[in-house]
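Engineer:
Chains as they are written, first to last, in this note's numbering: chain A, 128 to 236; chain B, 1355 to 1467.
(1) At a CB distance below 9 Å, what residues from the region 177-202 of chain A approach chain B? Give them in sequence order.
(2) At which residues does the beta strand (DSSP E) containing residue 1472 of chain B begin and terminate?
(3) With distances taken between CB atoms, is the gap from residue 213 of chain A to residue 165 of chain A smaller than 8 Å?
(4) If the cut is a Cβ gap below 7 Å, which residues of chain A does residue 1457 of chain B touch?
(5) Go ahead and label residue 1408 of chain B buried or exposed: buried means 16 or more other beta carbons lie within 10 angstroms of its beta carbon, across all protein chains shown.
(6) DSSP state of residue 1438 of chain B, grouped into three classes?
(7) Quick check: is the beta carbon of residue 1365 of chain B nearer than 8 Å to any beta carbon in chain A?
(8) Going by C-alpha to C-alpha distance, which of A:152, A:200, A:177 and A:187 sits closest to residue 143 of chain A?
(9) If we cut at 8 Å on Cβ distances, does residue 161 of chain A have a partner in chain B?
(10) Could you check whether the Cβ of residue 1395 of chain B sits closer than 8 Å to any Cβ belonging to chain A?
(11) Applying a beta-carbon distance threshold of less than 7 Å, which residues of chain B neighbour residue 170 of chain A?
(12) Going along chain A in order, which residues have a C-beta closer than 9 Å to the C-beta of residue 1381 of chain B?
(13) Apply the 10 Å Cβ neighbour rule to residue 1423 of chain B and answer buried if 16 or more other Cβ atoms are within range, or exposed otherwise.
(14) Would you be able to state if there are at least three C-beta pairs under 8 Å between the region 1441-1449 of chain B and the region 135-151 of chain A?
(15) Could you check which residue in A:193, A:183, A:222 and A:234 has the C-alpha nearest to that of residue 205 of chain A?
(16) I'd like the span of the beta strand (DSSP E) that includes residue 190 of chain A, first residue to last.
(17) Name the two residues that bound the continuous beta strand (DSSP E) containing residue 1395 of chain B.
(18) At 3 residues or longer, what runs of the beta strand (DSSP E) sit wholly inside the region 147-196 of chain A?
(19) Going by the CB atoms, is the gap between residue 1436 of chain B and residue 1369 of chain B shorter than 8 Å?
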């Protein structure tokens, strides 16, 4: 079983809608959770991190963590075409950083 | 300059060439990483340095040779590569080798012919 799993997509949403991206992880001991955005041909850019159960909001982005169910999600409100990218989930277990394969999001104008 | 920089941004090399990738971080971090990103695959961690000492080598072939002269600079020396080594090579840094977020450089797009 992979440490971090994401639906590769592509996920398409209309402009202005809420995009919901999900990530599951295999180890209950995982401590820290990150969302990165990667535009085509560019490097990953950190957009959110969350350590505690519940929601964390930053502008149009909300990260949700549920340790009991071992998932972390990213909600993007009022999606914009500029949000079209691949979103990578990353999980830290001990000192190891595990990345998912990413979910491709397309926001349709 | 700020953040994490990498040079060159693009590199085409033959299988018999020797080249080096350079990474520099201006964040005052102590840990630096090399990743390989191939199409449709997760990021693959190659090497980790913490306080200039190599702490991990994830079964990377010896044709890749890292060097970390100080906490701000990281190199990846390449020799006798194979076409399947063509990928995006990303450098990252973090405060320390631990539960800290990593910041990535722009990457070097490597093509081996």
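All C-beta atoms in this analysis are idealised placements derived from N, C-alpha and C, irrespective of residue type, glycine included.
Structural biologist: Put simply:
(1) 178
(2) This structure leaves residue 1472 of chain B out entirely; chain B is present only between 1355 and 1467.
(3) yes
(4) 173
(5) exposed
(6) helix
(7) no
(8) A:187
(9) yes
(10) yes
(11) 1444, 1458, 1459, 1460 and 1461
(12) By Cβ distance, chain A contributes nothing, its closest Cβ being about 12 Å from residue 1381 of chain B, past 9 Å.
(13) exposed
(14) no
(15) A:234
(16) 188-193
(17) Per DSSP, residue 1395 of chain B belongs to no beta strand (DSSP E) and is neither H nor E.
(18) 159-165, 172-177, 181-185 and 188-193
(19) yes
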